[in-house]
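The sequence shown begins at 176 in my numbering and counts up by one.
Worksheet: one structure, shown below.
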Amino acid sequence: MKKTILGLLVLAAAGMSLVGCSKAGGAKKVLNKDKPLVFFNRQPSDPTTGAIDTAAVNWNDKTYYVGFDAAGGGAVQGKLITDFLASADPDVIDRNGDGVIGYVLCIGDVGHNDSKARTEGVRKALGTWAGSTDPTEKQEGSVTVGGKQFKVEELEAKAMTGTDGSTWNANAATEAMGGWATKFDKQIDLVLSNNDGMAMGCLQASNYPAGVPIFGYDANADAVEAIGAGKLFGTVSQNVDAQAAGTLQVIRNLLDGLSGSDVYTKGFSTPDQYGNKITPEVQYKASERGLFALNGPVDPSNWKSYTEGNRDAGIKQTTAEKKKVLLTIYNSADNFLSSSYLPALKYYAPLMGIDLTVVQGDGQSEASCLDKFTNLGNFDAYAINMVKTNSAADYTDKLKY
Numbered sequence: 176m177k178k179t180i181l182g183l184l185v186l187a188a189a190g191m192s193l194v195g196c197s198k199a200g201g202a203k204k205v206l207n208k209d210k211p212l213v214f215f216n217r218q219p220s221d222p223t224t225g226a227i228d229t230a231a232v233n234w235n236d237k238t239y240y241v242g243f244d245a246a247g248g249g250a251v252q253g254k255l256i257t258d259f260l261a262s263a264d265p266d267v268i269d270r271n272g273d274g275v276i277g278y279v280l281c282i283g284d285v286g287h288n289d290s291k292a293r294t295e296g297v298r299k300a301l302g303t304w305a306g307s308t309d310p311t312e313k314q315e316g317s318v319t320v321g322g323k324q325f326k327v328e329e330l331e332a333k334a335m336t337g338t339d340g341s342t343w344n345a346n347a348a349t350e351a352m353g354g355w356a357t358k359f360d361k362q363i364d365l366v367l368s369n370n371d372g373m374a375m376g377c378l379q380a381s382n383y384p385a386g387v388p389i390f391g392y393d394a395n396a397d398a399v400e401a402i403g404a405g406k407l408f409g410t411v412s413q414n415v416d417a418q419a420a421g422t423l424q425v426i427r428n429l430l431d432g433l434s435g436s437d438v439y440t441k442g443f444s445t446p447d448q449y450g451n452k453i454t455p456e457v458q459y460k461a462s463e464r465g466l467f468a469l470n471g472p473v474d475p476s477n478w479k480s481y482t483e484g485n486r487d488a489g490i491k492q493t494t495a496e497k498k499k500v501l502l503t504i505y506n507s508a509d510n511f512l513s514s515s516y517l518p519a520l521k522y523y524a525p526l527m528g529i530d531l532t533v534v535q536g537d538g539q540s541e542a543s544c545l546d547k548f549t550n551l552g553n554f555d556a557y558a559i560n561m562v563k564t565n566s567a568a569d570y571t572d573k574l575k576y
């Protein structure tokens, strides 16, 4: 009997020891496939139809997209241009006096939803929209300039692809602008661009027609300064701070165990548990599992409000437990991401207790990002910016294991 009792005591002690070891070992390991995943800037979608990749945004219950209102942004850019023309001097705008406002258009990427939205936005505003964002599909439009009605002609639109295959390429825009200035001469009354990088590239052309109004998109620091200097006539802010902080806020909420509507309301429409709340409005679209920052026009009347260094005072240092996040950027040379988005990420991440590891691609090959999307078990969450919008599965496949 004594042996039996002794044996039971030994077993009980062993059991307690095992429980103690389990507790000492920390929380149960989370598999990569169950960790938070946020796509940003490039929405998972079909590059031809624009249809949302529902499989990607529903990868797990902790998958979301954070970006900006692309369609709304295209409309903002279009209105920015027509508002400028409405108060402009017709004799100055119509350079050759032919009664036609001619423009050239820099397209970023014919397969990118944002590029399509901006092309559609300016074409609809000027009446040249023919139902397609194809560079060759346009019609004659009309616009009011200083109280007078003018015909509008899109002289040429071109996708700015670099010699290395990268899209949204500023150098390609410089070369294209040089060719357009020679080919069309005084027929060019406006220069329009899907982003600031290409607009600034156009201004680098040695024969850029002096004084011709040019409009970009992104509100990059150099573009905003160019507006102040009278070189660029307008751009559109897609609220980069709201996007960058929003990407991190969603990840923080998910890492803190929030679910349901708390994921996209805490820190957005209401303060999170640390007292942080993003100041600009960010809207949630359930059908796309996406949060979208709103856009705003930037012109000579308000450019100083968008100068570099203005960060969101609604985000302050927190006591959040530090977590590791692996983040990809599709192109290290992309002007908007490198000069605006990444600095914002690096500013807000430490405040939210997020330790970022950033890997950058070449803008051409998905492998340039995927090959660095490694050691996944070392991270608590992932933020993905793809080279191609239909490449989401290449990343989620690596997270299966």
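Think of the CB as a built atom: it goes at the ideal place given N, C-alpha and C, for glycine as much as any other residue.
* Please determine, among Gln362, Ala394, Thr357, Asp360, the residue with the shortest C-alpha to C-alpha distance to Met375. => The shortest Cα separation from Met375 among Gln362, Ala394, Thr357, Asp360 belongs to Ala394.
* Are Val267 and Ala558 touching if we call contact CB-CB under 7 Å? -> Remark: C-beta atoms of Val267 and Ala558 do not approach each other more closely than 7 Å.
* **DSSP three-state assignment for Trp343, whether helix, strand or coil** => Correct three-state label for Trp343: coil.
* Cutoff 6 Å; reference Leu526; Cβ partners in own chain excluding five residues on either side -> Excluding positions up to five away in sequence, the list reads Ile490, Gln492.
* Asked: On the three-state DSSP scale, how would you describe Ser197?
  -> Bear in mind that a pLDDT of 34 at Ser197, under 50, signals an unreliable position, so the model cannot answer this.
* To do: Decide if the region 452 to 462 is in contact with the region 256 to 274; the criterion is three or more beta carbon pairs, one per stretch, under 8 Å apart.
  => No contact exists between the region 452 to 462 and the region 256 to 274.
* Report, in whole angstroms, the separation of the C-beta atoms of Pro168 and Asn565, which I expect to be a contact under 8 Å. => In the structure as shown, the chain begins at 176 and stops at 576. Residue 168 is therefore absent and cannot be evaluated.
* Compute the Euclidean distance between the alpha carbons of Thr319 and Ala261, then round it to the nearest angstrom. => Looking at the two C-alpha atoms, the distance is approximately 6 Å.
* Can you grab the Cα-Cα spacing for the pair Asn216 / Ile363, in whole Å? => Rounded to the nearest angstrom, the two C-alpha atoms are 32 Å apart.
* For the alpha helix (DSSP H) holding Ser290, just list the boundary residues, first then last. => From DSSP, the alpha helix (DSSP H) with Ser290 extends over 288 to 301.
* Beta carbon of Gly538, beta carbon of Ser341: below 7 Å? -> Yes, they are a contact pair.
* To do: Taking only runs that begin and end inside the region 200 to 283, name each unbroken alpha helix (DSSP H) of 4 or more residues, in chain order.
  => Qualifying alpha helix (DSSP H) stretches, in chain order: 229 to 232, 245 to 261, 265 to 268.
* Separation of Trp304 from Asp236, as counted between CA atoms -> One C-alpha to the other measures close to 39 Å.
* **Euclidean distance between Cα positions of Ala356 and His287** => So the two alpha carbons sit approximately 27 Å from each other.
* Identify every run of the beta strand (DSSP E) within the region 302 to 371, keeping only runs that are complete inside it and at least 3 residues long; order them along the chain. => Runs of the beta strand (DSSP E) lying entirely within the region 302 to 371 and spanning at least 3 residues, in chain order: 316 to 320, 323 to 334, 363 to 368.
* Relative to the alpha-carbon of Lys575, which residue among Asn560, Ala417, Lys563, Gly552 has its alpha-carbon at the smallest distance? -> Answer by Cα proximity: Gly552.
* **Val366 and Val251 closer than 7 Å at C-beta** => No. Outside cutoff.
* Asked: Based on Cα-Cα distance, which residue from Gly403, Ala398, Asp309 lies nearest to Asn510?
  -> A check of alpha carbon separations from Asn510 across Gly403, Ala398, Asp309 identifies Ala398 as the nearest.
* Asked: Would you call the CB atoms of Phe243 and Phe467 closer than 7 Å?
  -> With contacts defined as CB atoms closer than 7 Å, Phe243 and Phe467 qualify as a contacting pair.
* To do: Measure how close the beta-carbons of Ala334 and Asp284 come, nearest whole angstrom, since I'm counting them as under 8 Å.
  => At roughly 7 Å, the Cβ-Cβ gap stays under 8 Å, so Ala334 and Asp284 are in contact.
* For the beta strand (DSSP E) that contains Pro518, what are its first and last residues? -> Per DSSP, Pro518 lies in no beta strand (DSSP E); the unbroken alpha helix (DSSP H) holding it starts and ends at 517 to 526.
* Note down the Cα distance separating Thr482 from Ser515, rounded to an integer number of angstroms. => About 11 Å.
* Given Met352 as reference, the closest of Tyr239, Val438, Ser540, Ile282 once Cα atoms are compared -> The residue with the shortest Cα to Cα distance from Met352 is Ile282.
* Residues in its own chain within less than 6 Å of Ile227 by CB, not counting five upstream and five downstream? -> For Ile227, where only same-chain residues beyond five positions count, the Cβ hits under 6 Å are Ser220, Glu463.
* Asked: Near Asp447, what residues of its chain come up, given a Cβ to Cβ distance below 6 Å and the 5 sequence neighbours on each side ignored?
  -> In its chain, beyond the 5 residues on either side, Lys441 have a beta carbon closer than 6 Å to the beta carbon of Asp447.
* Three-way DSSP call (helix, strand, coil) for Ser163 in this model -> Any property of residue 163 remains undetermined from this structure, which presents the chain solely from 176 to 576.
* Given that a residue counts as buried once 16 or more other Cβ atoms are within 10 Å of its Cβ, and exposed if not, what is Asp416? -> Around the beta-carbon of Asp416, 16 or more other beta-carbon atoms lie within 10 Å, marking it buried.
* CB-CB length for Leu520 against Ala419, believed under 8 Å -> In this structure Leu520 touches Ala419 by the C-beta definition: roughly 5 Å separates them, less than 8 Å.
* To do: Identify the continuous alpha helix (DSSP H) that holds Ala568 and give its terminal residues.
  => Per DSSP, the unbroken alpha helix (DSSP H) holding Ala568 starts and ends at 567 to 573.
* Asked: Secondary structure at Leu430, three-state DSSP: helix, strand or coil?
  -> Of the three classes helix, strand and coil, the one that applies to Leu430 here is helix, per DSSP.
* To do: Go ahead and pull the three-state DSSP assignment for Gly405.
  => In the three-state DSSP reduction, Gly405 falls in the coil class, being neither helix nor strand.
* To do: Report, in whole angstroms, the separation of the C-beta atoms of Gly588 and Lys497, which I expect to be a contact under 8 Å.
  => Not covered by the structure: residue 588. The range shown for the chain is 176 to 576.
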